[in-house]
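J.:
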Amino acid sequence: MPSLKSHVVSFVLRYSRKQAFSSPENLQRWIAYARKTENHQPPVALRSRLEITTRSVDGFPVYEIAPKGGERKRILYLHGGAYVFQITSYHWGLIADMADRLGFGITVPIYPIAPEHDFHAMFGMVGEVYRQMLDETEAQDIVFMGDSAGGNMAVVLTMMAAEDAQPLPSRHVLISPGLDVSLANPEVFEAERYDPWLGIPGGLEAVRLYSAGINSSDWRISPLYGDLSVLPKTLLLTGSRDMLTPDNLIFAQKARAAGVEIEVVHEQGMFHVWPLIDMPEARRARDSIVTFLTSDTESYHAKAGELALQRTGRGAPAHNLAAPSRF
1 MPSLKSHVVS FVLRYSRKQA FSSPENLQRW IAYARKTENH QPPVALRSRL EITTRSVDGF
61 PVYEIAPKGG ERKRILYLHG GAYVFQITSY HWGLIADMAD RLGFGITVPI YPIAPEHDFH
121 AMFGMVGEVY RQMLDETEAQ DIVFMGDSAG GNMAVVLTMM AAEDAQPLPS RHVLISPGLD
181 VSLANPEVFE AERYDPWLGI PGGLEAVRLY SAGINSSDWR ISPLYGDLSV LPKTLLLTGS
241 RDMLTPDNLI FAQKARAAGV EIEVVHEQGM FHVWPLIDMP EARRARDSIV TFLTSDTESY
301 HAKAGELALQ RTGRGAPAHN LAAPSRF
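The UniProt record's numbering applies: residue 1 is where the sequence shown begins, and numbers increase by one.
(1) Kindly indicate which three-state DSSP category H7 falls into: helix, strand or coil?
(2) Taking the alpha helix (DSSP H) that S48 belongs to, which residues open and close that run?
(3) Who are the Cβ neighbours of L228 in its own chain at under 7 Å, not counting the five residues just before and after it?
(4) H120: buried (16+ other C-beta within 10 angstroms of its C-beta) or exposed?
(5) Mind checking whether D195 and I175 have CB atoms under 7 Å apart?
(6) Grouping DSSP H, G and I as helix and E and B as strand, with all else coil, what is H172?
(7) Is the segment 2-9 touching the segment 54-71 in the sense that three or more CB pairs, one from each, lie closer than 8 Å?
(8) Would you be able to state if there are at least three C-beta pairs under 8 Å between the segment 125-132 and the segment 88-98?
(9) Starting from I250, trace the alpha helix (DSSP H) both ways and give me its first and last residue.
(10) What did DSSP end up calling F189 once you bin it into helix, strand or coil?
(11) Rounded to whole angstroms, what is the Cα-Cα separation between residue 334 and F292?
(12) How would you write the range of the beta strand (DSSP E) that L224 sits in, first residue to last?
(13) Measuring straight from C-alpha to C-alpha, what distance separates V105 and I52?
(14) Any chance the segment 128-138 sits against the segment 211-225, with 3 or more Cβ pairs inside 8 Å?
(15) Within 10 angstroms of its Cβ, does D164 collect 16 or more other Cβ (buried), or is it exposed?
(16) Looking at A206: is its Cβ nearer than 7 Å to the Cβ of Y83?
(17) On a CA-only basis, which of A96, L78, V44, V108 is nearest V290? Give me that one, please.
(18) Around the Cβ of V44, are there at least 16 other Cβ atoms within 10 angstroms (buried) or fewer (exposed)?
(19) Would you decide whether E190 is buried or exposed? Buried here means 16 or more other CB atoms lie within 10 Å of its CB.
(20) What does a CB cutoff of less than 6 Å around T137 pick up in its chain, not counting 5 residues either side in sequence?
(21) Would you report the Cα separation of K5 and M279, rounded to the nearest angstrom?
(22) Cα separation between P67 and L244?
(23) Are the beta-carbon atoms of L179 and L224 separated by less than 7 Å?
(24) So, does the CB of S10 fall closer than 7 Å to a CB anywhere in chain D?
(25) In the DSSP assignment, the alpha helix (DSSP H) including H120 goes from what residue to what residue?
(26) Tell me the DSSP secondary structure of Y77 in three-state form.
(27) At which residues does the alpha helix (DSSP H) containing Y63 begin and terminate?
(28) What is the DSSP secondary structure of R55, reduced to helix, strand or coil?
(29) Within its chain, find whatever has a CB closer than 8 Å to the CB of L249; leave out the 5 residues flanking it on each side and keep chain order.
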């Protein structure tokens, strides 16, 4: 059963953030307001816990987060925000928690966003960030992690790297990714009714602003239609009250059919990018991420099963928990 806090957050989202996605005009107004208040810098409190340095790529900041004990592997974290909003304190909270718990270095590009920039500028910048990471770190020690639009970008970036015959990352962690914006799946329209955050009209406007005229069914915009066989081991987290979930579950099925090892956390009652919010369901989701990134496949399945039993005291179906379930 969803926690009380998750119900409160859902209520607040429905009467605040969802308004931004209710129409193209509302999204434009929210973008204009955001530009006056956004601040991409990590919160001051993080600097006392982690070593943080900044550099520039293509004129945009890139933060390097290093845990105090050194690093074993590196994560390229691509933040969400519908391609039009900047990184937030919620993203930084997740990033700091992952750095603390994993001991991985985390690279966070503050990539160019729309409408001031478009698809080509975004991927030109993050592509260069990845190439620079490869100069310093073996691909087998690199993980792509992204939420929402950032999850889309993680998949597209891997597909682009494959086309260019570049080494590919070892794993993906995709948090509520947007993997198909073509609206080809009629289940999305029904799912929108129960989503307390996202809406189709504003979402389509965001896609229009960043896509540089590329068709919405092109794999560069909707990677569901790309070559999924090039993808690495993947952990996909998606909630039952997220309008993106119907397409995420299709993606998982298609990826598995293409030979990709993919685990799905399908959390009942959860909304878009819930692992970013401080609440019980988010803590479970973060546990799943840590387990996935610190275990091989066999031990990951064993630990996931143990967690499921601990949470319920019996063998409840995994898809009703935060433990990965297959679809």
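The beta-carbon is built from N, C-alpha and C at its ideal position, and this holds for glycine as well.
T.: Quick look at the numbers:
(1) By one-based count along the sequence shown, residue 7 stands at place 7. In this structure, H7 counts as helix in the three-state DSSP scheme.
(2) Numbered from its first residue, the sequence shown carries residue 48 at position 48. For S48, the enclosing alpha helix (DSSP H) starts and ends at 44-49.
(3) Here residue 228 refers to the residue found at position 228 of the sequence shown. Excluding sequence neighbours, L228 sits near K254, A255, A258, V260.
(4) In the sequence shown, counting from the first residue as 1, residue 120 sits at position 120. With fewer than 16 other CB atoms across the displayed protein chains lying within 10 angstroms of its CB, H120 is exposed.
(5) Taking the first residue of the sequence shown as 1, we reach residue 195 at position 195. Taking the first residue of the sequence shown as 1, we reach residue 175 at position 175. No, they are not a contact pair.
(6) Locating residue 172 in the sequence shown gives position 172, counting from the first residue. Here H172 sits in strand by DSSP.
(7) By the C-beta criterion, the segment 54-71 is judged not to be in contact with the segment 2-9, since fewer than 3 inter-stretch pairs fall below 8 Å.
(8) Short answer: they don't touch.
(9) As a working mapping, residue 250 is identified with position 250 in the sequence shown. Taken as a continuous stretch (DSSP letters only), the alpha helix (DSSP H) holding I250 covers 245-257.
(10) Walking along the sequence shown from the start, residue 189 turns up at place 189. DSSP places F189 in the helix class (H, G or I) of the three-state scheme.
(11) In this structure the chain extends from 1 to 327, so residue 334 is not present and cannot be described.
(12) One-based indexing of the sequence shown puts residue 224 at position 224. Following the DSSP letters along the chain, one finds L224 in no beta strand (DSSP E), marked with neither H nor E.
(13) Taking the sequence shown and counting its residues from 1, the one referred to as residue 105 is at position 105. Taking the sequence shown and counting its residues from 1, the one referred to as residue 52 is at position 52. Looking at the sequence shown, residue 105 is not Val but Gly. Whole-angstrom Cα-Cα distance: 10 Å.
(14) In short, these stretches do not touch, since the Cβ pair count stays below three.
(15) The sequence position of residue 164 within the sequence shown is 164, counting from 1. Exposed, since its Cβ has fewer than 16 Cβ neighbours within 10 Å.
(16) Position 206 of the sequence shown, counted from the start, is the residue given in the question as residue 206. Position 83 of the sequence shown, counted from the start, is the residue given in the question as residue 83. One thing to note: A206 has its Cβ within 7 Å of the Cβ of Y83.
(17) Numbered from its first residue, the sequence shown carries residue 290 at position 290. Each of A96, L78, V44, V108 was checked against the Cα of V290, and the nearest Cα belongs to A96.
(18) As a first step, residue 44 is located in the sequence shown; it is residue number 44 there, counting from the start. Exposed, since its Cβ has fewer than 16 Cβ neighbours within 10 Å.
(19) Residue mapping note: residue 190 aligns to position 190 of the sequence shown, counting from 1. Looking at its Cβ environment, which holds fewer than 16 other Cβ atoms inside 10 Å, E190 is exposed.
(20) Translated into positions along the sequence shown, residue 137 becomes position 137. Excluding residues within five positions, the ones whose Cβ falls inside 6 Å are R74.
(21) Walking along the sequence shown from the start, residue 5 turns up at place 5. Walking along the sequence shown from the start, residue 279 turns up at place 279. Computed Cα separation, rounded: 6 Å.
(22) Locating residue 67 in the sequence shown gives position 67, counting from the first residue. Locating residue 244 in the sequence shown gives position 244, counting from the first residue. The C-alpha of P67 lies about 33 Å from the C-alpha of L244.
(23) Position 179 of the sequence shown, counted from the start, is the residue given in the question as residue 179. Position 224 of the sequence shown, counted from the start, is the residue given in the question as residue 224. Yes, they are a contact pair.
(24) In the structure shown, chain D cannot be found, because there is only a single protein chain.
(25) Mapped onto the sequence shown, residue 120 falls at position 120. 119-136 is the extent of the alpha helix (DSSP H) around H120.
(26) Numbered from its first residue, the sequence shown carries residue 77 at position 77. Three-state result, Y77: strand.
(27) Your numbering for residue 63 matches position 63 in the sequence shown. For Y63, there is no enclosing alpha helix (DSSP H); the residue is part of the beta strand (DSSP E) that begins and ends at 60-67.
(28) For the purposes of this step, residue 55 is identified with residue 55 of the sequence shown, where counting begins at 1. Of the three classes helix, strand and coil, the one that applies to R55 here is strand, per DSSP.
(29) Counting from one through the sequence shown, the residue named residue 249 turns up at place 249. Same-chain partners within the cutoff: T238, V264, H266, F327.
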